[in-house]
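Number of protein chains: 4
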Amino acid sequence: MNQEFEQLASQLIEAGGNLAAKSMVPATSGNFSGKLANGDMAITVSGADKGYLLPENIMRTNADGESYDRRVPSAETLLHVQIYKQFPHVNAVLHAHSLNATVLSQLAQGHVVLANYELLKAFPGVDTHDTQIEIPVFGNDQNIPRLARQVDKYMQVHSAPVAYLIAGHGFYIWGRSVRETLIYIDAMEFLFSCELMKRRIMQ
Amino acid sequence: MNQEFEQLASQLIEAGGNLAAKSMVPATSGNFSGKLANGDMAITVSGADKGYLLPENIMRTNADGESYDRRVPSAETLLHVQIYKQFPHVNAVLHAHSLNATVLSQLAQGHVVLANYELLKAFPGVDTHDTQIEIPVFGNDQNIPRLARQVDKYMQVHSAPVAYLIAGHGFYIWGRSVRETLIYIDAMEFLFSCELMKRRIMQ
Amino acid sequence: MNQEFEQLASQLIEAGGNLAAKSMVPATSGNFSGKLANGDMAITVSGADKGYLLPENIMRTNADGESYDRRVPSAETLLHVQIYKQFPHVNAVLHAHSLNATVLSQLAQGHVVLANYELLKAFPGVDTHDTQIEIPVFGNDQNIPRLARQVDKYMQVHSAPVAYLIAGHGFYIWGRSVRETLIYIDAMEFLFSCELMKRRIMQ
Amino acid sequence: MNQEFEQLASQLIEAGGNLAAKSMVPATSGNFSGKLANGDMAITVSGADKGYLLPENIMRTNADGESYDRRVPSAETLLHVQIYKQFPHVNAVLHAHSLNATVLSQLAQGHVVLANYELLKAFPGVDTHDTQIEIPVFGNDQNIPRLARQVDKYMQVHSAPVAYLIAGHGFYIWGRSVRETLIYIDAMEFLFSCELMKRRIMQ
Chain Y
0 MNQEFEQLAS QLIEAGGNLA AKSMVPATSG NFSGKLANGD MAITVSGADK GYLLPENIMR
60 TNADGESYDR RVPSAETLLH VQIYKQFPHV NAVLHAHSLN ATVLSQLAQG HVVLANYELL
120 KAFPGVDTHD TQIEIPVFGN DQNIPRLARQ VDKYMQVHSA PVAYLIAGHG FYIWGRSVRE
180 TLIYIDAMEF LFSCELMKRR IMQ
Chain Z
0 MNQEFEQLAS QLIEAGGNLA AKSMVPATSG NFSGKLANGD MAITVSGADK GYLLPENIMR
60 TNADGESYDR RVPSAETLLH VQIYKQFPHV NAVLHAHSLN ATVLSQLAQG HVVLANYELL
120 KAFPGVDTHD TQIEIPVFGN DQNIPRLARQ VDKYMQVHSA PVAYLIAGHG FYIWGRSVRE
180 TLIYIDAMEF LFSCELMKRR IMQ
Chain G
0 MNQEFEQLAS QLIEAGGNLA AKSMVPATSG NFSGKLANGD MAITVSGADK GYLLPENIMR
60 TNADGESYDR RVPSAETLLH VQIYKQFPHV NAVLHAHSLN ATVLSQLAQG HVVLANYELL
120 KAFPGVDTHD TQIEIPVFGN DQNIPRLARQ VDKYMQVHSA PVAYLIAGHG FYIWGRSVRE
180 TLIYIDAMEF LFSCELMKRR IMQ
Chain F
0 MNQEFEQLAS QLIEAGGNLA AKSMVPATSG NFSGKLANGD MAITVSGADK GYLLPENIMR
60 TNADGESYDR RVPSAETLLH VQIYKQFPHV NAVLHAHSLN ATVLSQLAQG HVVLANYELL
120 KAFPGVDTHD TQIEIPVFGN DQNIPRLARQ VDKYMQVHSA PVAYLIAGHG FYIWGRSVRE
180 TLIYIDAMEF LFSCELMKRR IMQ
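Residue numbers (numbering that gives the first Met the number 0), protein chains in the order written: chain Y, 0 to 202; chain Z, 0 to 202; chain G, 0 to 202; chain F, 0 to 202.
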């Protein structure tokens, strides 16, 4: 079980280096988690530099995000908990804080529509470019339990999004593994960049 | 003959790392091929991460893109086949999926005109900046045989383009070797960036 | 004491490499300093390439920026002196010269307002995104004592800014350590980029 | 004398790697030279990849750009010759082909004005931001002797520019050493980027 945790932690550390190289976790922003077989989480502690995570920056919590020791998990732990409870097949949740996502989340009204991109096929359940997906944008809120309830409420009435944005605050995205989730981030960031580029030309 | 395949495969693997470093194969997009002396192709399998290709991610097909084993070549294999049949001197075809190409392909009406750039001289048959070339843009289509026929039809009635775009889906480009084709990609991406930059300023 | 100076100097050298990798000290621009326990400064000499600083490019001055030998400290030494005198808890001052800061400083009228960004929480004393901070922009002046007095005058009547811009000339930012100040630069540059991106879309 | 040539050649090779890392010599664009003590030039041959120059890609010519062997120097050798004849103190000439320079050269009318930037002080003879410099833009011409005469004519009647642009074709810049010229490129590219950014916002 310890080995399972350590393997997952090392995947999260590597994901942090990967995202930092793409400028997607500026300052100490971003947070990452993975789910263990028994439902516990491995999650980044608050405040660490996500590009240079150390093993001691990844802690263990139960499925409700409660610490087993005195360390404090990321302030946004409950957002991870909500996703794992909503999507039982999900084993990794990554929160990236890119420039494109931040600006797009501030300009968008309620959601971002992504349409007619071949790269949409990178996401689960999409097998043609000739479609559109909606990425909801939630208002930012320092009250994380309240924000988690807002996300949860959305997911009860809408079809499952592949990611969501928080205004001025980057995006959350998830998958069956850390590796799969990194591929989704790559695709999502590309599509956010395309959308912003088009807004720069057409507005 | 085995050695010929392996050398070509290693050139395609290296090309993938090169293009990934320039963010031109996001998620698992892009596909690459080379032609062997007997007309067979070495081509990337579907779904692999093009920045970290392994030897087993490059497979062999005949000149019609048919697999010799049970592995499935890239979904877009017939687009490669069309190019080799159209241009007998071509030995490499690379499909890159850059941000600039994707956005430009969605904004352009039918084709992109590139004019008055010194870098046009990078392309075969161009010896002055004082000219223009047309890069056709085809509508995206999940029916690849139909898309290949559309490309083929275009090439029967127009003078040979040096590359083509697919809307929302990057570009195809080809040359006498993998190395030469990478130089064409470098020049084409530069020119696409120039065009987008000008549209951002002038529209 | 010599060891204290050398440790601080090596942190400044490392900071220079870090900022050069992000294109924030073009040509030989930028200057960096740290405060020693007795109030003396370790500060970059004039004209060195800030991405490849050598130990001999960091010199020692007293708390008023006066050289102990014949070497000449950065032309802008008095701006560092002003900050250390104004903020006793500050132990590092970094001047970065990014593209975003330079352009934004020329377009802004008197100050830049940063509002509703989660990343505002990276700065001292900010615990919510639901706020705004003002970054003053001072007119550039080759008369550094006069410019330092202008900054000082501003700080006497306004609440303490977390950084300031000089028109066409990048920004000054400070913190309790070189490492902390680098995190502030990372956050500030991200926010400046967001602001410029929004101006490109909305104006 | 051989050693002098080899040292200069290795500086040009290193400059090429530096500029390629900044995407300033796409495809096989760009060309570089240095002046030897007797007035001969070390200059890049035509067509080489400027990011990965080999010693055999640097050849020797006399002060008029005439080859000592059968190798053909860069097509634009006479532009280098013109600069060395015009400015006796110059020992290095670099031609960089950046995206920003290419687009700006196509949008500008006759010249680009750079004003009120602190970084102007990077150039020889400039000691304040409170000034402006003019970078002339020459029309591109495949007839290099004619283009060289056009540049020469300009320099006879205008005060010495620090660099010049060729429309759709990057810029030429020069200095007392390869290192100094690289610093000028760094500053010039930064200022070109600032100008383009402002045009994107204000037009």
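Glycine included, C-beta positions come from ideal geometry on N, C-alpha and C.
All values reported here derive from a predicted model rather than from experimental measurement.
Assigned secondary structure, residue i (DSSP; H/G/I helix, E/B strand, else coil)
i, result
"A166 of chain Z", "coil"
"E133 of chain G", "strand"
"V24 of chain F", "coil"
"A41 of chain Y", "strand"
"Y67 of chain F", "coil"
"K49 of chain F", "coil"
"G174 of chain F", "strand"
"P160 of chain G", "coil"
"P54 of chain Z", "helix"
Start-to-end residues for the alpha helix (DSSP H) that takes in residue i
i, result
"A114 of chain F", "Premise fails: A114 of chain F lies in the beta strand (DSSP E), 110-114, not in any alpha helix (DSSP H)."
"R148 of chain Z", "143-156"
"S104 of chain Y", "98-106"
"K84 of chain F", "76-85"
Min CB distance residue i to chain G below 8 Å
i, result
"M196 of chain F", "yes"
"V102 of chain Y", "yes"
"A91 of chain F", "no"
"R199 of chain Y", "yes"
First through last residue of the beta strand (DSSP E) which encompasses residue i
i, result
"F93 of chain Y", "Contrary to the premise, residue 93 of chain Y reads as Leu rather than Phe in this sequence. Counting along the chain, the beta strand (DSSP E) containing L93 of chain Y begins and ends at 91-95."
"F191 of chain Y", "That residue, F191 of chain Y, is in no beta strand (DSSP E); its alpha helix (DSSP H) goes 177-201."
"S32 of chain Y", "30-34"
Cβ neighbours of residue i in the same chain (closer than 6 Å, five flanking residues each side left out)
i, result
"I12 of chain Z", "L52"
"Q81 of chain F", "A147, V150, D151"
"S28 of chain Y", "H96"
"N99 of chain G", "F191, S192, L195"
8 Å Cβ cutoff, residue i in contact with chain F
i, result
"V174 of chain G", "According to the sequence displayed, residue 174 of chain G carries Gly and not Val. It does not; no Cβ of chain F falls within 8 Å."
"D63 of chain Z", "no"
Residues near residue i in its chain [Cβ-Cβ closer than 8 Å; skip 5 each side]
i, result
"H168 of chain F", "H96, T101, S104, N139"
"K49 of chain F", "G15, L18, A19, V24, T27, S28, G29, N30, F31, T43"
"A162 of chain F", "I134, F170, Y171, I172, W173, Y183, M187"
"R175 of chain G", "H88, V89, N90, A91"
"Y116 of chain Z", "H128, L190, C193"
Cutoff 8 Å: residue i Cβ touching any chain Z Cβ
i, result
"R178 of chain F", "no"
"L98 of chain F", "yes"
"S192 of chain Y", "yes"
"I182 of chain Y", "yes"
"A95 of chain Y", "no"
Own chain partners of residue i with C-beta closer than 7 Å, once the 5 adjacent residues on each side are dropped
i, result
"L119 of chain Y", "L113, V125, H128, T130, I132"
"F189 of chain Z", "L118"
"V177 of chain G", "Q10, L11, A14, G33, A91"
"A41 of chain F", "F4, L7, A8, L11, S32, G33, L35, I57, R59"
"L77 of chain Y", "G64, I143, P144, A147"
Within-8 Å CB hit, residue i to chain Y
i, result
"R145 of chain Z", "no"
"N139 of chain Z", "yes"
"F189 of chain G", "yes"
Chain C within 8 Å of residue i, Cβ atoms only
i, result
"D185 of chain Y", "The structure shown contains no chain C; its protein chains are Y, Z, G and F."
Next on the checklist: Residues of the stretch 21-39 of chain G in Cβ contact with chain F at a cutoff of 7 Å, in chain order, please.
Outcome noted: Result list: P25, A26, T27, S28.
Next on the checklist: Any C-beta of chain G within less than 8 Å: which residues of the stretch 147-170 of chain Y qualify?
Outcome noted: Flagged, chain order: I165, A166, G167, H168, G169.
Item to check | Where the stretch 107-134 of chain Y meets chain Z: residues whose CB sits under 8 Å from a CB there | outcome: Cβ contacts with chain Z: N115, Y116, E117, L118, A121, D126, T127, H128, D129.
Item to check | Contact list for the stretch 2-21 of chain Z against chain F, Cβ threshold 9 Å | outcome: From the stretch 2-21 of chain Z, only K21 have a Cβ closer than 9 Å to chain F.
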